[in-house]
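Worksheet: the structure to be examined is printed underneath.
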């Protein structure tokens, strides 16, 4: 599948000079580690959550930043091992890629699972199925480009087989799959930058052979995607939204030669994210795990199965503890929300759930009230639960249809398993196209 052409020496020298592989990184100082404790406490909850996605994201994050919480790690690995042994055929390509990254983030006994269960081979097959679906269905993958980028990244880092030419053909910056409607998806673009950077480095280092034009195009793609990511930067430093900022930071760390120093104030972004943490923004294990590596100056490109596992500086690795639920005086034990399903017409109900519930809890309660109107299905994906159908109407990547989550008529930036609902809120799932 790989191209066998040797890259001419002149071209190799040219592209090894521009851009360099030095990273521009800012990270939380050791004296400010205390400000990351809410993230760590939230990540501790991953052993109590359903599905594999939070376990995988949390394990990868812990490995990357060097947090030595062996008790938690062992429980996470047990959950992942169960998935690998019992339900691997049901796992999406992106979730399998994350499993490989988490198990092989550094040299440890658990990376043997990758070889024992032939996970690289299985990822190659799932990635090929994504490509075949795009070829048959107007460029639409089985999942999405965020997962496709994870596939390429994992195959690149773990010496899997992939076609550089197909990567170049399908990862053009103007591809519709980088967009949700007319809105550029920052986290999708960021993951693509990480994947393309890995491929570029493999080409420059001679690990993969290809045509010189492929290397040139990959560099052009990275530059264009970085420009799109920076165009989504807000005045307060967030990039896209609160939850896409961590991955955007990772992408910008590894691509600093593609933008000017004054294009991005990394310290401002870091400070704003720390403020968001103090306000409880990253309230699910997956959200906390996705932002932590960037705050510690790490990226997914730091995954290296042959390197020793890190140990975080200072007392950071010992700062986790079991989560404590605090009930403030006078706080409500339950709340009431208005929940609607919109297809061609709108179906509504008043739903009462415990205070602190997420959107998914509301949907499950409504389903118990009336399964015909509010019945739905969901599946676990790499970023958490995803609604696949409501009233038997299925979301379809080939038709580019999905169930949109809204509050007060405005789309939510968080998923169904992470958005915490509020008393009196108007919630809606709407049949939509992108």
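In full-length UniProt numbering, the protein residues as written are 1 to 434. Ideal Cβ positions, reconstructed from N, Cα and C, are used throughout, including at glycine.
- Non-local beta-carbon contacts of residue 99 in its own chain, meaning distances under 8 Å to residues more than five positions away in sequence, involve 52, 56, 80, 83, 84, 91, 119 in chain order.
- The distance from the Cβ of residue 245 to that of residue 273 is about 6 Å, consistent with a contact at the 8 Å cut-off.
- Per DSSP, residue 415 lies in no alpha helix (DSSP H) and is assigned neither H nor E.
- In the three-state reduction of the DSSP assignment, residue 426 falls in the strand class, which pools E and B.
- Between residue 409 and residue 360, the C-beta gap is not smaller than 7 Å, which leaves the two residues out of contact.
- Within the DSSP bridge table, the entry for residue 335 names 353 as partners.
- A distance below 7 Å separates the beta carbons of residue 192 and residue 149.
- When the Cα atoms are used, residue 125 and residue 278 turn out to be separated by approximately 42 Å.
- DSSP, read as helix, strand or coil, puts residue 360 in helix.
- Contiguous alpha helix (DSSP H) elements confined to the region 207-275 occur at 212-231, 245-253, taking only those with 4 or more residues.
- Straight-line measurement puts the Cα of residue 178 at about 12 Å from the Cα of residue 141.
- 127 is the residue among 127, 386, 355, 186 whose C-alpha sits nearest the C-alpha of residue 161.
- Within 10 angstroms of the beta-carbon of residue 369 lie fewer than 16 other beta-carbons, which makes it exposed.
- Going by DSSP, residue 282 is part of no alpha helix (DSSP H) at all; its letter is neither H nor E.
- The three-state secondary structure of residue 390, taken from DSSP, is strand.
- Per DSSP, residue 38 has no beta bridge partner at all.
- Here residue 218 is buried, its C-beta having at least 16 other C-beta atoms within 10 Å.
- Looking at the DSSP output, residue 376 bridges to 390.
- Take the alpha-carbon of residue 121 and the one of residue 286: they are about 26 Å apart.
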